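Down below is the structure, laid out as structure tokens.
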Amino acid sequence: MRRGLVITVALSALATACAGGGGVGQRRQALLSPRAAGGFEVDVLTDVVSTLGMSAVGLLMDREKEAWAGQSPCGSPPADGEAVCDSRVVPPLDRPVTRLGWRPARRISDVAVLAMIGLPFAVSAADTGANRLDAENVAVDGLVISQTLAATFLTTNLIKVMARRARPFTYNPDFPVLERHEGDARLSFPSGHSSLSFAAASVTAVMLLRRYPGRAGALGAAGAYVGASAVAALRVLAGKHFISDVVAGAALGIAIGLAFPLAHARGPVEGGETTAAVRAQDRALVPVLSFGGDF
0 MRRGLVITVA LSALATACAG GGGVGQRRQA LLSPRAAGGF EVDVLTDVVS TLGMSAVGLL
60 MDREKEAWAG QSPCGSPPAD GEAVCDSRVV PPLDRPVTRL GWRPARRISD VAVLAMIGLP
120 FAVSAADTGA NRLDAENVAV DGLVISQTLA ATFLTTNLIK VMARRARPFT YNPDFPVLER
180 HEGDARLSFP SGHSSLSFAA ASVTAVMLLR RYPGRAGALG AAGAYVGASA VAALRVLAGK
240 HFISDVVAGA ALGIAIGLAF PLAHARGPVE GGETTAAVRA QDRALVPVLS FGGDF
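With numbering that gives the first Met the number 0, letter number 2 in the sequence shown gets 1, and the count goes up by one each step, no holes.
What follows is the structure in structure tokens.
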């Protein structure tokens with residue numbers, strides 16, 4: 000009953016955010032980036048409330064794992080030296096991952112995902128300083144970035160709670176029994192580190208390619224996706240996620256990471272018209288970024 004209520008609230012929060020993000024032209028309290036082209040447009044009240052709401056519900060859903068602590072994710076009794084789950088049920092592509100468990104990769108990936116989350120904020124700050132824009136540019140960018148990451152966090156946790164897939168290390172007898180029976184042990188699909196990293200990479204790529212459409216922007220966007228891919232690879236090496244988990248997380252992060260910033264993309268310039276160059280540039284972004292997501 001409680002889980003169903005949480006899922007309902009989560010879906011409502013997502014629907015509200017999507018509805019608020021779609022009507023850029025009809026916003027009553029629009030705040031524009033100082034950039035004439037390549038910036039964003041937000042409605043302060045709508046976007047702040049939706050961002051905080053999605054973050055709060057995402058955290059609430061993350062606490063669902065506490066109810067599963069001490070339970071086997073596969074129904075088998077705990078026994079030291081025995082794998083909790085039967086690896087024969089794992090698809091062939093993912094089966095080799097059940098033998099992985101490089102513990103340093105966990106710590107490295109935890110630091111790396113924080114670096115990826117901070118990347119678009121750092122790019123915005125650098126862009127603001129380089130072009131001598133006022134603080135409003137950072138504020139607008141920051142709100143769009145935060146909303147994108149909050150939507151990714153909420154959607155990822157929603158799918159995790161519904162899928163309840165056992166992590167690779169639950170099939171590995173080398174891992175301690177208590178660790179294999181943590182509530183978090185059944186939240187493998189999709190990878191949250193991957194979804195957040197690719198969402199951050201995508202919003203970074205949108206900013207760079209719209210504002211610096213030359214070689215520098217393309218290299219920066221590619222570098223962001225390489226960083227996200229490294230995070231995903233580390234999660235697999237750590238035995239925390241299957242290959243299919245990180246692929247799904249990457250796809251989810253790219254989808255949300257493109258949808259939200261492009262929905263906020265500012266087209267009108269000071270004269271109230273949209274330049275043909277900006278329109279053509281935005282149309283070209285999706286195929287370019289789709290290619291970037293293959294890293």
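Positions of the beta carbon are idealized from the N, C-alpha and C atoms, including for glycine.
Keep in mind the model is a prediction, meaning the values are calculated, not measured.
{"query": "Secondary structure of residue 237, DSSP reduced to three states", "result": "coil"}
{"query": "Counted within 10 angstroms of its Cβ, other Cβ atoms place residue 72 as buried (16 or more) or exposed", "result": "buried"}
{"query": "Residue 41, enclosing alpha helix (DSSP H) - first and last residue", "result": "Not the alpha helix (DSSP H): residue 41 falls in the beta strand (DSSP E), residues 40-42."}
{"query": "According to DSSP, residues forming a beta bridge with residue 264", "result": "39"}
{"query": "Close-in-space but distant-in-sequence residues of the same chain around residue 183 (CB under 6 angstroms, 5 per side omitted)", "result": "64"}
{"query": "Beta carbon of residue 60 nearer than 8 angstroms to that of residue 160", "result": "yes"}
{"query": "Run of the alpha helix (DSSP H) containing residue 181, from where it starts to where it stops", "result": "Counting along the chain, residue 181 falls outside any alpha helix (DSSP H), and DSSP gives it neither H nor E."}
{"query": "Residue 92 versus 243, 132, 118, 85, residue with shortest Cα-Cα distance", "result": "243"}
{"query": "Where residue 209 falls: helix, strand or coil (DSSP)", "result": "helix"}
{"query": "Three-state secondary structure (DSSP) of residue 190", "result": "coil"}
{"query": "Alpha carbon of residue 83 to alpha carbon of residue 234, nearest angstrom", "result": "20 angstroms"}
{"query": "Residue interval of the alpha helix (DSSP H) (run including residue 140)", "result": "134-162"}
{"query": "For residue 83, the three-state DSSP class (helix, strand or coil)", "result": "coil"}
{"query": "Residue 214 burial status per 10 Å Cβ neighbour count (16 or more: buried)", "result": "exposed"}
{"query": "CB of residue 198 within 8 angstroms of CB of residue 255, strictly", "result": "yes"}
{"query": "Selection from 200, 247, 231, 251 that minimises the alpha carbon distance to residue 123", "result": "200"}
{"query": "Residue 225 burial status per 10 Å Cβ neighbour count (16 or more: buried)", "result": "exposed"}
{"query": "DSSP state of residue 246 mapped onto helix, strand, coil", "result": "helix"}
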